[in-house]
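Taking it in order: structure first as structure tokens, then the write-up.
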Ligand code: T5A
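In our numbering, the protein residues as written are 14 to 225.
Encoded structure:
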């Protein structure tokens, strides 16, 4: 596909939304046409699924299998209706979480077999793949603290035990080590503007974008 998909990944509170917004602004300032979106969500259906996943809307505990399928359902809707057309038009897409979140959270975190999740991801995404993935890594205690300061309360997944968050952080680092050509691992405990500068440097070096 002629466009570029850049995803931001990592444990809670690493600054993905902040960095996605800053990168999108910098790309636009450099003349790029940019689509900025997030998972779960990014479509009307996906945003309803997001609400279900985060807020226990039905009053019934979600089983882990349902959780995994709902993340992939939101992803399918986003890929087919939004991402694939944008990439085919040659746009830059900046995405706050994508397929690696499912492997980290539902695989390393919940314990589902990675191959099952990879098959679900492939079914959901079709040909859509990230050109570059930033892993914003930081100790889980710090990330959860930041997320709590920001929102004032913890959602369903943030409330999972610390061990769950530690497993998924380790999982992300393993995934990044296996695919160094796609991943860039950044220390997210640094100041946000320092992280943003590294993000721009990496996009320039790996994807050839000239920032103004
Ligand atoms: N999930 C998602 C799955 O389990 N499986 C999946 O397949 C997918 C796609 C999504 C949840 O769903 C799970 C993961 C998540 O639990 P969400 O609300 O989108 O929920 O949550 P997150 O993606 O984790 O995003 P957060 O909003 O919690 O954190 P961010 O985006 O990493 O961080 P951000 O930018 O909002 O920053 C958090 C706070 O820290 C400050 C910010 O100002 C903000 O207050 N901050 C910094 N402070 C100091 N230094 C820096 N460098 C800072 N950068 C930001």
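Beta carbons are placed, not taken as given, at the ideal position from N, Cα and C, and that holds for glycine.
Is residue i near the ligand T5A, with its Cβ less than 6 Å from a heavy atom?
i, result
"residue 15", "no"
"residue 125", "no"
"residue 120", "no"
"residue 166", "no"
"residue 52", "yes"
"residue 180", "no"
"residue 84", "yes"
"residue 114", "yes"
"residue 192", "no"
"residue 209", "no"
"residue 27", "yes"
"residue 131", "no"
"residue 218", "no"
"residue 163", "yes"
Can you look up residue i in the DSSP assignment and give me helix, strand or coil?
i, result
"residue 166", "coil"
"residue 71", "coil"
"residue 146", "strand"
"residue 151", "coil"
"residue 180", "helix"
"residue 141", "coil"
"residue 187", "helix"
"residue 20", "strand"
"residue 128", "helix"
"residue 173", "coil"
"residue 197", "strand"
"residue 206", "helix"
"residue 27", "coil"
"residue 192", "coil"
"residue 219", "helix"
Label residue i either buried or exposed according to how many other C-beta atoms from any shown protein chain fall within 10 Å of its C-beta, with 16 as the threshold for buried.
i, result
"residue 158", "exposed"
"residue 168", "exposed"
"residue 191", "exposed"
"residue 24", "buried"
"residue 164", "exposed"
"residue 175", "exposed"
"residue 88", "buried"
"residue 207", "exposed"
"residue 205", "exposed"
"residue 187", "exposed"
Does the distance from the CB of residue i to the CB of residue j come in under 7 Å?
i, j, result
"residue 181", "residue 117", "yes"
"residue 113", "residue 21", "no"
"residue 81", "residue 32", "no"
"residue 213", "residue 86", "no"
"residue 46", "residue 37", "no"
"residue 43", "residue 225", "yes"
"residue 148", "residue 196", "yes"
"residue 27", "residue 201", "yes"
Closer than 6 Å: is that where the CB of residue i sits relative to any heavy atom of the ligand FMN?
i, result
"residue 160", "You won't find the ligand FMN in this model; what it holds is the ligand T5A."
Beta strand (DSSP E) runs contained entirely in the region 82 to 125, provided each spans 3 or more residues: 105 to 109
Complete runs of the beta strand (DSSP E) confined to the region 29 to 79 [at least 3 residues]: Listed in chain order, the complete beta strand (DSSP E) runs (minimum 3 residues) inside the region 29 to 79 are 47 to 51.
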